[in-house]
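K.L.:
In our numbering, the protein residues as written are 38 to 243. Provided herewith is a single structure, encoded as structure tokens, for subsequent inquiry.
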């Protein structure tokens with residue numbers, strides 16, 4: 038389908054100069070049937086414009102969501118593993134982890150609970166998961182670890198501050214009965230926000 042566009046422009050300018058008369062200027066522009074606009078092309082252009090606008094809105098929305106996620110991530114507590122140690126005590130063994138917990142938020146937070154997670158594989162190929170709570174120890178019991186303190190859980194983390202300390206886990210040596218360990222991990226449950234996990238731990242024997 039073809040649409041014919043008609044347009045006309047007429048401008049009259051009337052001037053008087055010194056009472057000597059006037060001049061009349063008539064500018065007329067008229068076209069008929071010379072400008073042809075394909076309706077199909079117009080629809081195509083409008084469709085493309087609509088798609089561009091929609092794509093732009095979607096891109097801006099995705100960018101806004103990504104920025105909000107980054108902002109939330111920036112104020113979530115962070116944990117880093119500084120050291121990890123393993124020691125045998127007769128029929129028991131202790132795993133100790135020195136952790137750094139940072140809180141960049143404007144409000145305080147706290148470590149509510151800590152667990153050690155061990156995944157091991159039996160000789161039959163069955164994977165078993167064990168979760169071990171923290172061990173409460175006295176200073177003399179872990180003197181071999183150095184001067185860093187043991188975290189007393191629950192442990193407060195003030196706003197825009199950080200804490201460091203050891204967390205300890207003790208269990209019977211025959212718990213895994215010589216089976217192969219697939220995974221060591223420490224998980225800290227925070228009072229506000231999701232859990233913090235430290236994966237791929239290889240404790241050093243002492």
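Don't be surprised by glycine CBs; every beta carbon is placed ideally from N, CA and C.
Entirely within the region 199-241 and at least 3 residues each: give me those beta strand (DSSP E) ranges in chain order.
P.N.:
217-227 and 233-235
K.L.:
DSSP on residue 99, reduced to helix/strand/coil?
P.N.:
Counted from its first residue, the chain shown places residue 99 at position 62. Looking at residue 99 - three-state DSSP - the assignment turns out to be helix.
K.L.:
So the beta strand (DSSP E) residue 181 belongs to, where does it begin and stop?
P.N.:
Translated into positions along the chain shown, residue 181 becomes position 144. From DSSP, residue 181 is part of no beta strand (DSSP E); its letter is neither H nor E.
K.L.:
Alpha carbon to alpha carbon, what distance is there between residue 122 and residue 226?
P.N.:
Taking the first residue of the chain shown as position 1, residue 226 is located at position 189. Taking the first residue of the chain shown as position 1, residue 122 is located at position 85. Straight-line measurement puts the Cα of residue 122 at about 21 angstroms from the Cα of residue 226.
K.L.:
Going along the chain, which unbroken runs of the beta strand (DSSP E) with 3 or more residues stay wholly within the region 117-201?
P.N.:
129-140, 146-158, 164-170 and 192-194
K.L.:
Taking Cβ positions, are residue 151 and residue 196 nearer each other than 8 angstroms?
P.N.:
For this step, residue 151 is matched to residue 114 along the chain shown. For this step, residue 196 is matched to residue 159 along the chain shown. Not closer than 8 angstroms, so no.
K.L.:
For residue 128, collect the residues of the same chain with a Cβ closer than 6 angstroms to its Cβ; drop the 5 residues on either side in sequence, then sort them by chain order.
P.N.:
Numbered from 1 along the chain shown, position 91 holds the residue referred to as residue 128. Closer than 6 angstroms at the Cβ level, and outside the excluded window around residue 128, lie 210.
K.L.:
Using the beta-carbon count (16 or more within 10 Å), is residue 132 buried or exposed?
P.N.:
As a first step, residue 132 must be located in the chain shown, where it is residue number 95. Buried, by the Cβ-count rule.
K.L.:
Out of 218, 198, 194 and 189, state which residue places its alpha-carbon closest to the alpha-carbon of residue 205.
P.N.:
In the chain shown, residue 205 corresponds to position 168, counting from 1. Out of 218, 198, 194 and 189, 189 has the C-alpha closest to the C-alpha of residue 205.
K.L.:
Grab me the residues of residue 185's own chain with a C-beta within less than 8 angstroms of its C-beta, minus the 5 sequence neighbours each way, in chain order.
P.N.:
As a position in the chain shown, residue 185 is number 148, starting the count at 1. Counting only Cβ-Cβ distances below 8 angstroms, and skipping sequence neighbours, we find 135, 201, 202 and 203.
K.L.:
Mind reading off the beta-carbon distance from residue 156 to residue 220? Whole number of angstroms is fine, and I expect it under 8 angstroms.
P.N.:
Residue mapping note: residue 156 aligns to position 119 of the chain shown, counting from 1. Residue mapping note: residue 220 aligns to position 183 of the chain shown, counting from 1. With 8 angstroms as the limit, residue 156 and residue 220 qualify as a contact, their Cβ atoms being about 4 angstroms apart.
K.L.:
Label residue 236 either buried or exposed according to how many other C-beta atoms from any shown protein chain fall within 10 Å of its C-beta, with 16 as the threshold for buried.
P.N.:
As a working mapping, residue 236 is identified with position 199 in the chain shown. So residue 236 counts as exposed.
K.L.:
Taking the beta carbon of residue 167 as the centre, do at least 16 other beta carbons fall within 10 Å, making it buried, or is it exposed?
P.N.:
As a position in the chain shown, residue 167 is number 130, starting the count at 1. Residue 167 is exposed by the Cβ-count criterion.
K.L.:
Within the same chain, show all residues whose beta-carbon is closer than 6 angstroms to that of residue 238, passing over the 5 residues directly before and after it, in chain order.
P.N.:
Position 201 of the chain shown, counting from 1, holds the residue named residue 238. Excluding residues within five positions, the ones whose Cβ falls inside 6 angstroms are 121 and 221.
K.L.:
Which one of 149, 161, 240 and 126 has the shortest CA to CA distance from residue 171?
P.N.:
Within the chain shown, the letter at position 134 stands for residue 171. The alpha carbon of residue 171 has as its nearest neighbour, out of 149, 161, 240 and 126, the alpha carbon of 149.
K.L.:
Give every residue of the same chain whose Cβ lies closer than 6 angstroms to the Cβ of residue 223, excluding the five residues on either side of it in the sequence, and list them in chain order.
P.N.:
On the chain shown, position 186 is the one that residue 223 refers to. Once the five neighbours on either side are set aside, the close Cβ partners of residue 223 are 134, 153 and 235.
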